Structure formats: C-alpha cells, structure tokens
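Chains as they are written, first to last, in the numbering used here: chain A, 951 to 1286; chain B, 3 to 406; chain C, 647 to 932.
Below is one structure, written out as structure tokens; the observations come after it.
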Amino acid sequence: MTEESLAASQAIPSVKAGRRTFALLKAFAAIAAVCVLPLVMPINIATEILIYGMFAMATNLLIGTAGLFSFGQAAFFGVGGYAAGYFLAHGWTSLPLVLFMAFASGGLLAAMIGGLIIRRLGIYFMMLTFAFNQLVYYVIYSWHSVTGGEDGLAGIRRPVLDLPLIGSFSFDDNRSLYGLVCVLFLLSIGVLARLVQSPFGLVLAAARQNSRRTISLGYHVPALQLAAYVIAGAVSGVAGALFGMLYRIMPIDSVHWAASAYVVFMVVIGGQRSMLGPVIGAAVFIWLQGLFSLAWTRWPLLLGLFVIIIMTYLPQGLVGLASQRWMRAIKRGARV
Amino acid sequence: MQMTPTRRAFLSYAAALGAAPILPAVAQKTGTVTMGVITPTTGTFAYAGDLVARGAALALEMHGSNVLGTNVRLLTRDDEGKPASGVRRVQEAATSDGMRYFIGAYSSAVGLAESEVAQREKLLQFAAGGSEDFTGTRCGRYTFQWSAHPYTAIRATLEYVRKSFPQKKTIYTLTADYVFGHALLKYTRIVAAELGFELVGNDNHPFGERQYTQYLTKVVAAKPDILLLNTAGADAVTAIRQFANFGADNISVVGPWTLEVDQLAELAPEMRTGLILGQNYYPDVDTPANKEFVAAYNKKFAALPGYSSAYAYDAIRTLLLAMENANSVEVPAVIKALERMSWDGVLGRMSIDPNTHQLVRPYFVARCKPASAMRHTADFAEIVATGNAPQPSQLNECKQMPEL
Amino acid sequence: MLWLVSAQLVNGIAIGMIYALMSFGLSIIKGLLNIPNFAHGALYALGAYICYSAVSMGLPFALGLLAAFAGAALAGWALQRFAIQPASKSGYLAQLVTLFGAALVIEQMLLIGWGTIGLSYSPPPLLRGAVNLGFTVVPKYIAFASVFSALVIVSVWLLIERTKFGAYLRAGIERPDTTRALGINVDLLLGVGMMMGAGLAGLAGGLALPLVGATSTMGGDMLGIAFVVLVIGGLGSLYGSVAAGVLVGVVQSLTAIAAPAASTAIIYAAMIGILLFRPQGLFGER
C-alpha cells in the first residue's frame, strides 16, 4: 500500500477505478472462497485455515502495517483460547459471553504487555515479545489446576447462541461451527481492512516508514501503535477461542513461541502488503504441512526449503507476485 | 509398506487446493476397515514414529490384511509429538478417510488430546503413554490404555530393589515437573511406605531441562542409596548422562518408568551399566506370541523390536482379535468384546479392566549389562523381575464409564 | 546451607561458561549482520553430531572438537551465501524467516544423516569422574568444559582486538558503510564473521556432547537460553554475552536450591526485567 498506493493515487482516474473494482473483486473472491473451501478439503482443515487466517491478519496489522515485528502473538491466541475454553469447559456456553471473554482477555493481556514494551524499537521490541511469550507459556504450563498444564485444557464444549424469540442454536456440528468461523473471519477482514485504510492505519504506516517525521507532525505514535497491538491481541484471542472450540481442547503448544514464529511465516509467505496475503499464507502453510507430511517423514525439510525459496525469489510473498502482475495489467489497460 | 493408500491420500491432498474438488466422503469405501497410526515422525519423539508404523504394519500383514473377510488398511500420519497436530490428523482422517480405529500417540499429552476427539467421533483409540489420566480423570469408553499403570510400574521396580538389594534403604527422587512426574512421585510415596524405603529428598525439574548438574550436586551431597528417576525420555537420558560424569558408583540409579528399550541405545554402555529400569516391553519376554512377533520382526527388519513396535503390534493384533471375537468390525461391538475378553497377548495373559479400560498386563524390570556381558549390540539388559500389581481401585479416579 | 550455595555457585559458573561460548557466537553474528541467528541452535546440534562422528571414527576428542568447529563454520558460510544474502533484498523479516527455514532444513538433515535415535559419548578417560572440593564434588568434564570455553573466548577476543583481521571485523560491526567506502570487501567480512559465529556454536555443541548427547532437537532447547543470554548481556555489546552467560548459569543453578521448577521461567522474567529497565542490556552501551 506504500509506493503502489502513492503511484495509484497520482495516476489517471481509470487506475483508481481499477483499484476499486479490484477491491470489490477481492471481497467477492473472499466470500466465494470461504464458501467453496469445505467442499475441497476436510472441514476441520478448512475451519483451521480461516482461524489461522484471522490470526495471521491480526498479526499482519502489526508486522505489515505498523512495522512492529512481534514474535509473541501466540501468547494472545493462547490466552484467548484458554479463557474461552475455561468458561466452555465449566458450563458457561453462551456464545457472546465466551467470544467477549476471548476478545477481552487477548486485548487486556496485549494492553498490559504492550504498555510496557511499545516504546522499545526494532530488535529490542522483537526480543521482548519473544520473552513475554515464553513467560506466558510457562505460567500456563505451571498453572495446572486451571489450564491442564502440558496435557492442555480438555473438556471444552461448543458454545450455544441464544436468540430471543427464535430459540437457541448450538454449534455442535462441524458445519455450523464452520459457519460461525466464516462470519467472524469475514467480519475481521472487514474491520481490519477498514482500519488499515483509515487515518489510523495510514498514520501507523507512515510511522513504519519514518517514525520521527510522523511524531513531529503531531501524531502520538506510541499510543496508536499500542492501540494496534491491543486490537491484534484481541482478534488473536478470538481466533484462539475458535481453535479451542474446533477441537474441544486447548493444547499447550498453541502458546509456544514456535507458534508465534509460524504465524510470522504465514504472514511473510503470503505477503505483508495486502489484507488477503496473510490468509493465503495461512492456507498455503497449513495445506503444505499436510501435503508434505504425507509425502515424506522428513517433511519439515521441504517446508524449510519452501520458505527459503519464497524469501529468495518472491520478496513480496505469494500475493505480492499476483498483485504485481495485476497492477501491471491494469496500467497496461489504462495506457491503451 | 502400504504405499498405495499413502500415495492415494497424497494425490487427493495435492488435488484438494487444485482444480478438481474431491468430496470428503470419497475415501470412505464400503467393506474396508480403516485403522490409523497417528504417530510422531518429527519433533522430540521422532525416533518412535517409524517403529510404531512398523509394528502396526507387521501385525496387519501377519493377519493377512483382512478380518472377517473385510479388507483392513492402515493409514499413517505424523502427529509431530504436538497435541494440536494430533487432533488435527485424527479429525481429518476420521472425516475424510473414514478412519474408525487408531493407535500411535507417543506423548501422553497428544494421546489425551486425541481421546477427546475419539469420544466425540466415536473412534476406538488404543493409546499408550505414561499418564494415568487415560484410565483416571480423563477415562473414556472409546479409549483403551496399553501401557502399564504408573502404580504397577513403581511397585514392580521397587519390589525388585527391595528383594535383591535389602541393604539399600534411602531414596532421593528427581521428578519431572508435570503431571506424569507428579503421578510417579505420588505412587513412589505410597509404594515406599508399603515396602519400607525412606525418601530423603526430592527435586522437581522443568520438562525439557537439559542441565542437571545443579540437581545432581544436591543428590551426591545427600548420599542416598538410590537415585529414583521419576522422569522420562530425553530428560531422563540427559540426567543419566550427566550423573555418569559424577562417578558416584555407590548410588544406584533406578527408573521405574524412565527409559524404554528403544532409548537405551542413546546411552553409551558405561553410562547404562547397572541401571535398574522398569519396562513396558522387552524383546526377551518369554511368551509364544512374543516369540512369533520377534522372529517375524527380525526377519523383516533385521533388528530386535522395541517398545514402540511391540505396542503397535500388540494393539493392532488385539483389535483384530476383538473384531473376530465380536464377529463385527463396528466400533461399539468391538469395545464390548474388548471389555470382556481375556487373551494371550505379546506380554502374556491379558485382559481389560472394564471400569477403567486399563490393560491388565505384566510389567518387567530389567537390569542393564556392562559392555563386556553384551552378546550383541542390542543386548542391553536382562529381565530380572516381573510384576503385575494393579492400581488399588480406591485410588482410581475414573468415574463411571458412559453408555456407548 | 552455605556449602550448598557455594556448590551451586561453582556448578553455575562452570555451566555458565558453556552458555557464554554458545552466546558469544550469536553475539558476533548479531553484531555483523544485525540479526538474531535463529539457526544458531541447529548449528550447535550439527557440531555435536560432527564431533560424535569424528570420535567414533577413532579420532581423539580434541580433533572431534576441531571438526565440530570446522563443520559448523562451513555450514555457516553456506547459510550466509545461499540463504541470508539472497533474502537480504527482501528485507529484515525475510532474513529471520529464512533462518527459521534453514534451521528446519539442518535439523531434518541431521535426522537423515545420523538417524532418529539420540547419541551418547563418554568423555575421554582422563576427564571421567569427579574432583572432590571438600564442600562439593565437580565432575572433571564440567570443569574441563568451562576452562576450555574460557580459553576459546579469550583467544577469539585476542583475535578480534589485537589483529588486523579483528580491526576489519570491528569496523564492519561498528561502521559498515565507512568500511565499504574504504574498499574493504564487506560481504567477505560478513561471510567470515558468520563462519566464526557458526563455528563457535558448533564448538559449543561438540563440547556439550558428553553432557547432553546429540539429538536433533537439542538446538531448540539451547536456543532459548542463548537468546536470553544475548539480550541480558546487551544486544549492542560483543562481550556482554560472556558475563551474562555466567550470570544465567549461576542464577539457574542457585534457583535449583529453592525453586528448581521455576528456573526456566526465572531467566525469562530476568530477561524482561533487564530489557525494560536497561534495554541496552547489562553491558551494552546505548
């Protein structure tokens, strides 16, 4: 959205129109894709792709938009999942309640951690997110009576949605849960896309490129970055809750820092400069894991090579490649 | 082994994001029983996965790959030793490959996570692992536990020590700081009181610890007769390696549930010598079924089987036996058959406790040999005792088994 | 109680020296390339495996250590040439992710090359057994490993501070642009620096072989600690990691007296505390 958007805004109106059509097309494509997804793969994998897609989009608000390299997002995914899971396992199954709990706990933890570290820059910020992730991991790990420790939080029930006059709706079936995940996924795309294009997102992006100049223009950059951190944490928390609902268990490895690294993988593979990039990254990553693990017992080697090759030849990620071609096509069209 | 299903699964997976939509139900063929081997081939337990798969494939092969005239196929998936991956693979195999039976988790955390899916999707899980929760707080009608109960393990091991080394009285315990270690410690206290040992100290270490000298310094200073390792796997291997560096030969190292035969090769012979270890399986077990298994395994892989292979072999063999017993390949019928069966398995005469789904089975105590006494490279130890005392039922926390 | 504290102090300093060696390599790479080397753990594991192969071929342990250094250094060079450099045009994050990918590749290659079962090696006869200090016993090998680490660190320090090559290296760390302007081949310098850092990781792996064996996952276990040491020592400081390594060893060892299960959590808490109140680390300059 950086040089491209500048170039686009200065270009002739038809390019602008092209971009708008492009955005609209993307929205349709997203809805169509989530509808088709469960037809082409096991429904739990389709659900997971959307959950991790949400998680990756939230992470990309930090990485791609704000330029905050967080290697500790699994802490929020995990805490949201454990909080919602705890309620669901102990008889509180109201959907709005558990979603709120996940959203609030992810956001609250992010506010606490973010408040302490948001002013740290670059590698210091990165290492702090990593360290806090590990600390959260060890707390969850040791707090056995509540979290189940290394065995994970078990006995999570699916939530129930009580609608006045209509009755209550349960998500026990995997297809209805997929529907719920779809709705929340599309909602987060909508909200996050709006945020990125709002003045809030533009200031964050400006601060990514030149923090000092943005501050001197009068923007309170750390406060905005903190807000982004909290939003990312809250959305990750909801994603974590959905993950717990999917498998009815919240495993401890979902909080490990390796999970944070994997979500960064997804973002970078897919492409940081677009909304759908991280989603594509999540889909490809999860799909490749399944594919490679069937092909060869030493499959992480293939995954590692894939990552190295993508980073060498496609610096903008998979989506970067596609959108470069697209933009070139539009410009060519505009010239004609 | 089983190349065709794997390749088919691979291709359908490859196609999944391609142009051709493969409907999930496609792989569910009528007239085929699909058994899953969901096992770690990467991660901390990477060594176990291939061995588990070998044992399972061998059991099926020796049974003619069919039961009651129905074809049986195995599908193998990598659980990475991670609960999240385990549940993902089990769920996926159940919905898109029609899997109804599965075995293979190596870590209890993975097995317990999968057990949740098993109860929900009505899949029969024949689990293994050190956690007593399988047959305790998190027991379920669809889950059976192959490995011995921690109580059985500690009782058998310490009974041997009491009988063979009557002068050894004091025990220092090193305990892994998670549920498994705590369960072992709990039963160590109970059994030590039963047999008259004195517990002189305990240290908890975090799971995955790679630095043990700080605990071992304390152990050596306390001068106990016995160092009891209530820890397992790579942690235990590392602790034993580092303890060997202290040269404290007068302290016996005892592991009730510490290292299975598969991992003994990880220690150099001089680190191993004299270790007293409880074993879920040892290739020397003297039963007709085990002799048949060892011979077939040795013929096919030119090696001795270990715990991982034996578990998978015996679990699949038992499932096939139960199907024949039930005269059905439907999960509920097989569960009912298992609950009332008694049979000659690899380990001896075996049955299932219907109240907990714990396999009632012997447990073995082995003593490691010095390098000079080893007849071949895998001749690590000899079986010196056998025990099968079940967990006292008043200590069991499995509430009533649900209806099917 | 006093004897216990002193015993743990001795033990902590000894294991801390091994941490220091591991983190020193990380620190050199961070200094030169400005990235935390996520593949450092994999290189450490590689060193352990190479050392194992060398000694099981009948070579003396010293040559095993040398081989571990050389093998890991070579791998480090390849890493710089075929992964980090090509990814550098894709940005900072791409380099990190590439290093993750490289770690996956190396770890799996270890499994392919040496099998899935972990390996053990007992130290040479001279270094077996323990020394009795009266208030505590220290295994001879641990004592050897710490002294050896200290010697290696001192020689690398001499190399960096007292030689012309070291001067180039320091210039490359402190003023990469000026160095380039002076006509020094900075890419070559980065390659050599990467080799040195990776070699030290391999050496630490070889040294740790008698203590923790060789397993494909040993790198991940060590990497967490090495990062903590690096950060506590100060990301901008080349030698801070040496003192911090010893410090972490001692803290870990002392917590074993009172709250052993918390020892891992404590070092992460310490890392957070230091980053918050002294972001440049204990020994770093702003």
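Glycine included, each C-beta is placed from N, C-alpha and C at the ideal position.
Computed from a predicted structure; not experimentally measured.
Find the residues of chain A that neighbour residue i, judging by a C-beta separation of less than 8 Å, and give them in chain order.
i: L114 of chain B; result: D1101, G1102 and A1104
i: K84 of chain B; result: P1201 and D1203
i: E94 of chain B; result: P992, N994, I995 and G1240
Leaving out the 5 sequence neighbours to the left and right, which residues in its chain are closer than 7 Å to residue i when beta-carbon positions are compared?
i: F1150 of chain A; result: L1174
i: P404 of chain B; result: R143
i: S862 of chain C; result: A691, E753, L756 and L757
i: S149 of chain B; result: A130, G131, G132 and N282
With C-beta atoms as the reference, is residue i less than 8 Å away from residue j?
i: V255 of chain B; j: F245 of chain B; result: yes
i: I999 of chain A; j: I1260 of chain A; result: no
i: I878 of chain C; j: L922 of chain C; result: no
i: P1201 of chain A; j: K220 of chain B; result: no
i: G693 of chain C; j: A915 of chain C; result: no
i: A387 of chain B; j: A241 of chain B; result: no
i: Q654 of chain C; j: Q402 of chain B; result: no
i: F199 of chain B; j: S110 of chain B; result: no
i: R1024 of chain A; j: V1218 of chain A; result: Per the sequence shown, residue 1024 of chain A should be read as Ala rather than Arg. Their beta carbons are not under 8 Å apart, which means A1024 of chain A does not touch V1218 of chain A by this criterion.
i: G409 of chain B; j: T41 of chain B; result: Since the first residue shown for chain B is 3 and the last is 406, residue 409 of chain B is missing from the structure and cannot be characterised.
i: P992 of chain A; j: T36 of chain B; result: no
i: R274 of chain B; j: F128 of chain B; result: no
i: V888 of chain C; j: I799 of chain C; result: yes
Closer than 9 Å by beta-carbon distance: list the chain C residues that pair up with residue i, in chain order.
i: F1019 of chain A; result: Y738, L739 and L742
Got a sec, what are the start and stop residues for the beta strand (DSSP E) residue i sits in?
i: Q281 of chain B; result: I278 to Q281
i: W723 of chain C; result: From DSSP, W723 of chain C is part of no beta strand (DSSP E) but of the alpha helix (DSSP H) over F707 to L725.
i: S254 of chain B; result: S254 to G257
i: R351 of chain B; result: G350 to I354
i: I40 of chain B; result: T34 to T41
i: G737 of chain C; result: Neither: G737 of chain C is in no beta strand (DSSP E) and is coded neither H nor E.
i: L322 of chain B; result: Looking at the DSSP string, L322 of chain B is not in any beta strand (DSSP E); the run it does join, the alpha helix (DSSP H), is Y309 to A328.
i: Y365 of chain B; result: Y365 to C370
i: F1119 of chain A; result: G1117 to S1120
i: L1137 of chain A; result: From DSSP, L1137 of chain A is part of no beta strand (DSSP E) but of the alpha helix (DSSP H) over N1124 to Q1147.
Please go through the same chain and pick out, in chain order, the residues whose beta-carbon is closer than 6 Å to the beta-carbon of residue i, but skip the five residues on each side of it.
i: Y284 of chain B; result: V263, F366, A368 and I385
i: A688 of chain C; result: A749, I752, E753 and G865
i: Y1197 of chain A; result: none
i: A733 of chain C; result: A740, Q741 and T744
Quick one: which chain B residues come within Cβ less than 8 Å of residue i?
i: I788 of chain C; result: T215 and N247
Residues of chain A with CB under 9 Å from residue i, in chain order?
i: R140 of chain B; result: D1101, A1104 and G1105
i: S110 of chain B; result: E1100 and D1101
i: Y690 of chain C; result: What Y690 of chain C touches in chain A: nothing, since even the nearest Cβ is about 17 Å away.
i: I758 of chain C; result: R1248 and L1251
Please list, in chain order, the chain C residues whose beta carbon lies closer than 7 Å to that of residue i.
i: I1258 of chain A; result: A729, T744, G747 and A748
i: Y49 of chain B; result: T762 and I763
i: V222 of chain B; result: V783
i: D179 of chain B; result: A907
Using a C-beta to C-beta distance shorter than 8 Å, which residues of chain C count as neighbours of residue i?
i: P896 of chain A; result: The requested residue 896 of chain A does not occur in the structure, where chain A is confined to residues 951 to 1286.
From which residue to which residue does the alpha helix (DSSP H) around residue i run?
i: Q654 of chain C; result: L648 to L679
i: L900 of chain C; result: G886 to A904
i: Q265 of chain B; result: V263 to L266
i: V1205 of chain A; result: Careful: V1205 of chain A lies outside any alpha helix (DSSP H) and carries neither H nor E.
i: I192 of chain B; result: V181 to L197
i: D237 of chain B; result: G235 to A246
Name, please, each residue of chain A whose Cβ falls closer than 7 Å to the Cβ of residue i.
i: T910 of chain C; result: Y1088
i: A185 of chain B; result: The premise fails here: A185 of chain B is roughly 11 Å from chain A at the closest Cβ pair, so nothing lies under 7 Å.
Note down, in chain order, every chain F residue with its Cβ under 8 Å from the Cβ of residue i.
i: A368 of chain B; result: Absent from the structure: chain F. Protein chains present are A, B and C.
What does a CB cutoff of less than 8 Å around residue i pick up in its chain, not counting 5 residues either side in sequence?
i: I913 of chain C; result: I871, V874, V894, V897 and Q898
i: D1122 of chain A; result: R1108
i: F1215 of chain A; result: G1231, F1235 and V1257
Name, please, each residue of chain B whose Cβ falls closer than 7 Å to the Cβ of residue i.
i: R1198 of chain A; result: E118 and R122
Point to revise | Minimum length 3: unbroken beta strand (DSSP E) runs contained in the region 54 to 108 of chain B | key: 72 to 80 and 103 to 105
**Study point:** Unbroken stretches of the alpha helix (DSSP H), 4 residues or longer, contained in the region 791 to 842 of chain C
**Key:** 810 to 820 and 822 to 827
Check your understanding: Curious, which full-length alpha helix (DSSP H) runs of at least 4 residues does the region 1025 to 1075 of chain A contain?
Key -> 1045 to 1067
Point to revise | Those runs of the alpha helix (DSSP H) which lie wholly inside the region 116 to 175 of chain B and span at least 4 residues | key: 152 to 166
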